[in-house]
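Residues 1 to 482 (full-length UniProt numbering) make up the sequence shown, in order.
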Amino acid sequence: MTPLLYQHIIFSLYIIYHVQAFPSSLTLGFLGPRNLPNSNTQVGGHPALFAFKLAIRNINNRSDLLPRTKLRFVSNDTNSDIGTAIIDAFWQCVYGNVIGIVGEYVSGISQAVQYVSRHYKVPQISYGSTSSEFTEFHSIRYPYFLRTIPNLNLQSVSLAHLIASQGWKNIALIYTTDAQTFHSVQMFLASAQKLNITILVSTSFATGTTNLTTQMKAIKQSQVRIILFIGTIVDQQVLINNSLIEGLTGPGYQWIGIHASMYRALYLNSTGGTVQHYYEWSQGFIGLQNFADVNSNVYKEYAKQWSTAPYDPETPTVDSNSISFIANFAYDACFMFAHALHRMIEVLHLDPIQIENRELYRAILKNVTFLGVSGYVSVDQNGDRVAPFDIVNFQHDQIVKIGSITIDGQMQIITDIRFNNIIYSQYDHWVLLLYQINRLSIFIPLLNAHLMTFINVFNDLISSQNHITMNDNKNFTLFCGR
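Following this line, the structure appears as structure tokens:
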């Protein structure tokens with residue numbers, strides 16, 4: 001064999017090897033609700049699909065990420081229906097030849113999708129499913145499931161720390177009875193006990209229930225003033241209607257919620273119009289929302305692209321001036337796939353399409369780390385992500401970030417908090433002092449007369465008077481001004 005012929009054979013084998021190792025294109029699938037009217041579509045479906053498409057475009061425009069491979073996509077409308085989602089997942093895995101699925105928004109639907117995707121060894125990254133069931137039964141039922149959004153267990157612990165930080169020792173808990181909520185409620189109860197928080201009333205209802213008279217009366221009879229709700233926006237709107245009937249709103253009451261409630265969709269109808277009684281109820285509502293790294297260069301560029309992207313008829317409810325937190329997780333899910341695929345193809349020279357490489361592909365996904373728009377993205381061996389939470393507050397027609405909190409209770413407050421239409425500032429030391437004296441007077445009755453004189457004098461110095469209750473079920477009242 002001549003040297004020239006030998007070189008030609010080696011070069012040909014090299015070309016064949018790289019043609020096999022570098023697929024010219026790969027397809028990602030998107031699953032989410034797009035039907036209207038549907039609050040899941042407004043909060044999760046449309047924003048997530050919009051971000052998904054934006055991520056695909058940005059990945060394809062990068063020279064340092066999958067430089068030889070073009071990402072394509074297919075998307076299906078699950079209609080927030082389990083049966084539809086199963087059919088869509090089957091179609092994407094079998095006929096769409098997807099290398100990964102981004103979705104779904106709702107935990108129950110993601111569970112159904114995983115039963116299909118795990119059979120075909122297609123990894124699934126959810127942008128909105130927070131159920132702790134995925135953690136509890138990961139290796140058995142959900143081996144190909146990961147998520148960029150933190151699970152609800154982490155949020156339950158952080159919620160307990162948030163409540164304790166405000167000095168609220170007696171609260172009511174109302175939640176939905178679905179399986180997705182069960183483990184998280186148990187986690188919250190355990191955390192509350194450790195932090196000496198007493199649950200005076202714990203009541204629940206099944207998703208879809210419209211009459212909550214029994215639950216509302218139980219809360220009212222307890223005289224508790226701090227109320228935590230764990231459930232979806234749809235269920236919370238039912239709760240709002242019932243709480244208004246029983247008068248469990250307004251000055252003296254403070255409602256707290258989880259991330260699922262912390263959207264303007266709480267008081268909007270399907271066309272984006274304001275439902276006035278929902279809007280009025282929401283004022284002063286506080287809770288946790290998932291973290292977004294808004295000060296990073298990655299996020300700033302993403303936000304710029306979001307605001308200038310052309311109108312997409314598939315996502316008509318997307319607001320170019322407001323980015324949903326759920327959108328951030330869908331965007332990062334795409335990049336999580338891209339980083340894993342890049343390692344498979346460009347570093348290991350392995351084809352992720354081949355079924356024998358799927359377990360390695362899944363393992364690589366679980367070891368991906370990068371700076372995304374929702375902060376640093378990485379997951380553990382259960383596919384779970386640990387991340388801080390933002391503390392947010394409904395103030396007029398905005399949801400304002402007032403601080404942040406970590407899983408171990410480290411909290412930072414950065415702006416004023418509005419409690420039931422009353423603004424309380426972290427820097428209002430006089431209010432804090434009077435609050436503590438007021439609590440002390442409960443145990444030292446002789447202070448009461450002097451205390452009331454002092455408070456009256458203090459109030460005379462302030463032009464406006466607002467009625468603020470800063471305690472829990474004891475309902476002690478302090479008059480202060482801002």
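Glycine included, every Cβ here is placed at the ideal spot set by N, Cα and C.
These figures come from a predicted structure and were not determined experimentally.
Per-residue burial, residue i [other beta carbons within 10 Å of its own, 16 or more giving buried]
| i | result |
| --- | --- |
| ASP312 | exposed |
| PRO33 | buried |
| ASN76 | buried |
| THR41 | buried |
| VAL238 | buried |
| HIS46 | buried |
| GLN186 | exposed |
| ARG62 | exposed |
| PRO310 | exposed |
| ILE197 | buried |
| VAL379 | buried |
| GLY208 | exposed |
| THR317 | buried |
| ALA338 | buried |
| SER126 | buried |
| GLN276 | exposed |
| PRO123 | buried |
| TYR376 | exposed |
| LYS53 | buried |
| GLU301 | exposed |
| PHE235 | In the sequence on display, residue 235 carries Asp and not Phe. ASP235 comes out buried. |
| residue 487 | There is simply no residue 487 to check, as the chain begins at 1 and stops at 482 in what is shown. |
The beta strand (DSSP E) enclosing residue i, as first and last residue numbers
| i | result |
| --- | --- |
| TYR175 | 170-176 |
| GLN283 | Careful: GLN283 lies outside any beta strand (DSSP E) and carries neither H nor E. |
| SER126 | 124-126 |
| LEU200 | 198-205 |
| GLN354 | Unbroken run through GLN354: none, as it is neither H nor E. |
| GLY372 | 370-372 |
Spatial neighbours of residue i in its chain, beta-carbon cut-off 7 Å, leaving aside the 5 residues before and after
| i | result |
| --- | --- |
| ARG264 | ILE399 |
| GLN180 | SER107, GLY108, SER131 and GLU133 |
| TYR278 | GLN237, ILE240, LEU266 and TYR267 |
| PHE90 | VAL116 |
| GLN289 | HIS259, MET262, PHE325, PHE389, ASP390 and VAL392 |
| GLN426 | Reliability of the predicted coordinates at GLN426 is poor, the pLDDT of 45 falling under 50, and the value obtained from them is presented with this limitation in mind. Same-chain partners within the cutoff: ILE413. |
| PHE50 | ASP312, THR315, VAL318 and ALA327 |
| HIS119 | none |
Beta-bridge partners of residue i, as assigned by DSSP
| i | result |
| --- | --- |
| ARG72 | THR27 |
| MET411 | ILE405 |
| TRP255 | ILE227 |
| LEU268 | THR274 |
| THR78 | Note: THR78 sits in no beta bridge, so no partner. |
| ILE245 | According to DSSP, which records beta bridges pairwise, ILE245 is partnered with nothing at all. |
| ARG147 | SER126 |
| VAL102 | PHE30 and ILE125 |
| GLY287 | GLY257 and VAL392 |
| GLN398 | GLN395 |
Cβ distance (whole Å) where residue i is taken to contact residue j below 8 Å
| i | j | result |
| --- | --- | --- |
| ILE174 | ILE163 | In fact, because the Cβ distance is near 14 Å, the residues do not count as touching under 8 Å. |
| PRO388 | THR415 | Not quite, the Cβ-Cβ distance comes to about 17 Å (not below 8 Å), so this is no contact. |
| SER39 | ILE233 | 5 Å |
| LEU365 | ALA340 | 4 Å |
| GLY29 | VAL74 | 5 Å |
| ARG147 | SER129 | 6 Å |
| TYR331 | ALA55 | 5 Å |
| SER202 | ASN153 | No, SER202 and ASN153 are not in contact; Cβ-Cβ is about 18 Å, not under 8 Å. |
| SER204 | THR176 | 7 Å |
Residue i - containing alpha helix (DSSP H), residue span
| i | result |
| --- | --- |
| TYR376 | Not the alpha helix (DSSP H): TYR376 falls in the beta strand (DSSP E), residues 375-377. |
| PHE90 | 82-94 |
| ASP312 | No alpha helix (DSSP H) contains ASP312, which DSSP labels as neither H nor E. |
| VAL392 | Premise fails: VAL392 lies in the beta strand (DSSP E), 389-395, not in any alpha helix (DSSP H). |
| ILE345 | Where ILE345 is concerned, there is no enclosing alpha helix (DSSP H), given that its DSSP letter is neither H nor E. |
| ARG141 | 138-141 |
| PHE52 | 46-60 |
| ILE163 | 152-165 |
| GLN114 | 107-117 |
| ILE323 | It is not in any alpha helix (DSSP H) - ILE323 carries neither H nor E in the DSSP assignment. |
| PHE188 | 179-194 |
| residue 483 | Since the first and last residues shown for the chain are 1 and 482, residue 483 lies out of range. |
Below-9 Å beta-carbon distance, residue i vs any chain E residue
| i | result |
| --- | --- |
| ALA363 | Absence of chain E from the displayed structure is noted, only one protein chain being present. |
Chain-order list of residues whose beta-carbon lies under 6 Å from that of residue i (same chain, five-residue window excluded)
| i | result |
| --- | --- |
| TYR299 | ASP293 and VAL373 |
| ILE227 | ALA172 and TRP255 |
| GLY257 | PHE229 and GLY287 |
| GLY409 | HIS161 |
| residue 530 | The chain is shown from 1 up to 482; residue 530 falls before or after that span and cannot be answered. |
| SER320 | SER307 |
Proximal residues to residue i (C-beta, below 8 Å), its chain only, five neighbours per side dropped
| i | result |
| --- | --- |
| LYS121 | TYR144, ILE355, ARG358, GLU359 and ARG362 |
| MET411 | HIS161, LEU162, SER165, ILE391, GLY403, SER404 and ILE405 |
| ILE345 | ALA21, PHE22, PRO23, LEU66, ARG68, THR69, ASP351 and PRO352 |
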